[in-house]
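J.:
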Amino acid sequence: MLRTLLRTIILEWQTPKVVKPDVSRVLTINLDTMLNNEHIVLLTGVRRCGKSTLLQHIRQQHNEKHYYLNFEDERLIDFTVDHFQMMMEIFAELFGEEKTFYFDEIQNIKGWERFVRRLYEQGYKIFITGSNAKMLSQEMGTHLTGRYIKIELYPFSFCEFLDFKGVKINVQHATTAVKAKLNNLIKQYITVGGFPQYVKDEMLEYLQALYESILYRDIISRYKLPSETAIRQLAFYFASNVGKEITYNSLKKQLNLGCANTAAEYCQYLENCYLFFLVKRFSYSLKQQSNSPKKVYAIDSGLAHAIGFRSSQDAGRMLENIVFIELKRRNFEIYYHHEKKECDFVVCKKNKIQALIQVCFDLGDLETKEREINGIIDAMQTYKIKQGTIITLTEADEMIVTVDAKKYRIDIVPIWLWLVAVQK
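Here is the structure:
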C-alpha cells in the first residue's frame with residue numbers, strides 16, 4: 057500500500073464529525089467507566105445500529121487528542137497487518153504522540169488482534185467497533201482475554217424509539233389517553249423496528265439495501281460461498297418463521313442444503329453478523345440442550361418484515377421477537393421451555409433462572425388463554441418457581457392459579473409497560 061495514499065486517508069478521517077446522537081443510547085456500562093479504565097472497549101453489533109455514531113460521540117466526550125481510522129474505507133482494501141507500523145508512523149508524523157486509538161471495523165484486517173494487543177501492552181487506550189460476533193469473540197478471546205470490555209449495541213429499544221419520536225412518559229401516572237398512544241406506538245414499533253435511519257424516514261428500500269449489504273459483505277464474500285441461493289433461502293425462511301422451532305436436519309431437507317453440517321454452518325454465519333439468533337431449549341443437560349430443536353429470532357422486527365413472507369399470524373410472533381431482543385439487550389441468557397407444555401422464555405443470569413415469560417398478542421380467546429397459562433404453569437412446576445409473566449399487546453391483570461394444592465402467581469403485562477419497566 058502506498059504511504060502517500062494511507063497518509064491522505066488518515067488525514068481525511070482524523071477530524072471528528074460533530075455528532076449529536078438522535079437519542080441517548082441505553083448502555084449496560086456507564087460511559088465514564090469506559091473512558092476511565094485501561095481496558096480495550098469493543099462496541100459490537102449489527103451493521104447500521106449506531107455503533108459508529110456512538111464511537112464518534114465518545115470521541116467528542118473524551119475531549120482528548122487521539123488517533124482515528126475507519127477500516128470500512130474502500131481505499132484500504134489492500135491494507136494488511138504489515139501496514140500497521142506504517143500507520144503508526146504516519147499518525148505520529150502528522151499529530152505527534154497520542155495515547156488513544158479509535159478503530160472502526162478493524163476486524164476487516166486479518167491479524168489485527170496482535171497489533172491491538174501490542175498497543176494495549178504499551179499503555180494505549182483503545183476503542184474498537186465491529187460487526188462480526190464470532191470473529192471478534194474468537195480473536196479477542198485468544199489474544200486479549202481479560203483485557204477488554206464488550207458492549208453489544210442493538211437497534212433502538214422501545215424506550216429509545218419513544219425518545220427519538222419525542223414522546224415523554226410517566227409510567228406511574230399514565231392516563232387512559234397516554235396508554236392508548238403507547239399502544240399505537242408499540243404497534244408502529246413492531247412494524248418499523250429500531251434501525252435508526254429507518255425509524256427516521258421509513259423507506260423500505262433502505263432496510264432491503266442494508267440486508268443485501270450484510271448478506272453479501274459479511275457472509276457471501278467473507279466466507280467465499282460457492283452460491284448465494286442457499287444462504288438467501290435460509291435468511292428468507294428465518295425471517296418468515298420468527299419464533300418457530302427448527303432443526304438442522306429439517307433445514308437440510310427443506311432448503312436442499314446437502315447435509316446437516318452445512319445447515320449448521322449457514323445458521324452460524326447468520327448469527328455471526330447479528331441477523332438472526334438461535335435459542336436453545338432449557339435443560340440442565342448440555343447434550344440435551346445441543347440436540348434439541350432451536351427457536352429462531354431476528355435482530356429487528358422491521359427488518360424481518362422487510363425481507364420475509366408475512367401472514368395474519370405474524371403479530372404474536374413479532375411481539376415475541378421484540379421481547380427476545382430486549383432480553384438480549386439486557387444481557388440475559390435466554391432459553392425456551394418445552395416439556396409437557398411450552399413456555400416462550402426461560403430467562404437466566406449466571407445459569408440461574410431469573411424469570412419465566414410467555415408472550416401472547418391477545419388473550420381474548422379462551423382456548424388461547426388456557427394454552428398460554430398451562431404453558432407457563434408447566435414451566436413454573438418444572439423449575440419450582442412460583443411467579444411467571446405473560447406479556448400481551450394491551451392486557452393487564454394478575455391471577456393466582458392453584459395446581460395440586462400449590463399456588464402460582466401470573467402477572468399479565470402489556471408489552472409497552474414491560475419494555476419501559478425493564479429499562480428502568
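Number 468 in the numbering used here belongs to position 412 of the sequence shown; there are no gaps in the numbering.
All C-beta atoms, glycine included, are put in the ideal place defined by N, C-alpha and C.
#1: Kindly indicate which three-state DSSP category Leu-311 falls into: helix, strand or coil?
#2: What does DSSP give as the partner residue(s) for Ile-409 in the beta ladder?
#3: Any idea what DSSP makes of Ala-452, helix, strand or coil?
#4: What is the DSSP secondary structure of Thr-438, reduced to helix, strand or coil?
#5: Below 8 angstroms on the Cβ atoms is my contact criterion, and I expect His-199 with Glu-161 to pass it. Report the Cβ-Cβ distance as a whole number of Å.
#6: Examine the Cβ distances between the region 102-112 and the region 252-268 and report whether three or more of them are shorter than 8 angstroms.
#7: I'd like the ranges of any alpha helix (DSSP H) spanning at least 4 consecutive residues and lying wholly in the region 134-172.
#8: Span of the beta strand (DSSP E) holding Gly-186?
#9: To the nearest angstrom, how far is the alpha carbon of Ser-277 from that of Val-457?
#10: Could you compute how far the alpha carbon of Leu-67 sits from the alpha carbon of Pro-282?
#11: Only counting the same chain, and skipping five residues up and downstream in sequence, which positions put a Cβ closer than 8 angstroms to that of Lys-190?
#12: How should Tyr-176 be labelled, buried or exposed, when 16 other C-beta atoms within 10 angstroms of its C-beta is the threshold for buried?
#13: Tell me which residue opens and which closes the beta strand (DSSP E) that Thr-100 is part of.
#14: Which runs of the beta strand (DSSP E) fall wholly inside the region 273-343 and span at least 3 residues, in chain order?
#15: Relative to the alpha-carbon of Tyr-322, which residue among Tyr-304, Lys-309, Tyr-353 has its alpha-carbon at the smallest distance?
#16: So the candidates are Glu-382, Arg-427, Glu-428, Tyr-464; which of them puts its Cα closest to the Cα of Pro-211?
#17: Where does the unbroken alpha helix (DSSP H) through Asp-418 begin, and where does it stop?
#18: Between the alpha carbons of Val-379 and Arg-174, how many angstroms are there, rounded?
#19: Looking only at its own chain, which residues have a Cβ that is under 7 angstroms from the Cβ of Leu-61, when we skip the five neighbours before and after it?
#20: For Tyr-340, is the classification buried or exposed, using 16 other Cβ atoms within 10 angstroms of its Cβ as the cut-off for buried?
#21: So what's Pro-470 in DSSP terms, helix, strand or just coil?
#22: Can you tell me where the beta strand (DSSP E) holding Ile-205 begins and where it ends?
#23: For the beta strand (DSSP E) containing Glu-389, name the first residue and the last one.
#24: In this structure, does DSSP put Gln-178 in helix, strand or coil?
#25: What residue range is occupied by the uninterrupted alpha helix (DSSP H) comprising Val-379?
#26: Give every residue of the same chain whose Cβ lies closer than 6 angstroms to the Cβ of Asn-126, excluding the five residues on either side of it in the sequence, and list them in chain order.
#27: Quick one: is Cys-315 buried, meaning 16 or more other Cβ sit within 10 Å of its Cβ, or exposed?
#28: Does DSSP put Thr-60 in a helix, in a strand, or in coil?
#29: Out of Glu-423, Asp-138, Thr-64, Tyr-464, point me to the one whose CA is closest to Lys-496's CA.
#30: Apply the 10 Å Cβ neighbour rule to Asp-356 and answer buried if 16 or more other Cβ atoms are within range, or exposed otherwise.
#31: For Val-476 and Ala-452, which I take to be in contact (beta-carbon distance under 8 angstroms), what is that distance rounded to the nearest angstrom?
#32: Would you call Ala-233 buried or exposed, if buried means 16 or more other Cβ atoms sit within 10 Å of its Cβ?
#33: Apart from the five residues just before and just after Glu-301, which ones in its own chain have a Cβ nearer than 6 angstroms to its Cβ?
#34: Assuming Thr-100 contacts Leu-192 (C-beta within less than 8 angstroms), just tell me the rounded distance between them.
#35: Taking 8 angstroms as the threshold (C-beta atoms), are Ile-207 and Val-97 in contact?
#36: Whose CA, out of Tyr-272, Tyr-123, Phe-214, Thr-448, lies closest to the CA of Gln-244?
T.: Working from what's here:
#1: In the structure shown, Leu-311 sits in a helix (DSSP, three-state: H, G or I).
#2: Under DSSP, Ile-409 takes part in a beta bridge, and its partners are Cys-404.
#3: Residue state, collapsed to three classes: coil.
#4: helix
#5: With a Cβ gap of about 18 angstroms, His-199 and Glu-161 do not count as contacting.
#6: yes
#7: 140-151
#8: 181-186
#9: 54 angstroms
#10: 38 angstroms
#11: Gln-324, Glu-327, Asn-328
#12: By the neighbour-count rule (16 or more Cβ atoms within 10 Å), Tyr-176 is buried.
#13: 96-100
#14: 332-335
#15: Tyr-304
#16: Glu-382
#17: Unbroken run through Asp-418: none, as it is neither H nor E.
#18: 40 angstroms
#19: Excluding five sequence positions before and after Leu-61, the CB atoms of its chain that fall closer than 7 angstroms to its own CB belong to Arg-131, given in chain order.
#20: exposed
#21: Pro-470 carries a strand assignment under DSSP once its states are collapsed to helix, strand and coil.
#22: 204-208
#23: 389-394
#24: Of the three classes helix, strand and coil, the one that applies to Gln-178 here is coil, per DSSP.
#25: 370-385
#26: Trp-69, Asp-160
#27: The residue is exposed, with fewer than 16 neighbouring Cβ atoms inside 10 Å.
#28: Thr-60 falls in the helix class under three-state DSSP.
#29: Nothing can be reported for residue 496: it is not among the residues displayed for the chain, which extend from 57 to 480.
#30: With 16 or more other Cβ atoms within 10 Å, it is buried.
#31: No, Val-476 and Ala-452 are not in contact; Cβ-Cβ is about 13 angstroms, not under 8 angstroms.
#32: exposed
#33: Pro-349, Lys-351
#34: 6 angstroms
#35: Result yes, Cβ atoms of Val-97 and Ile-207 sit closer than 8 angstroms.
#36: Phe-214
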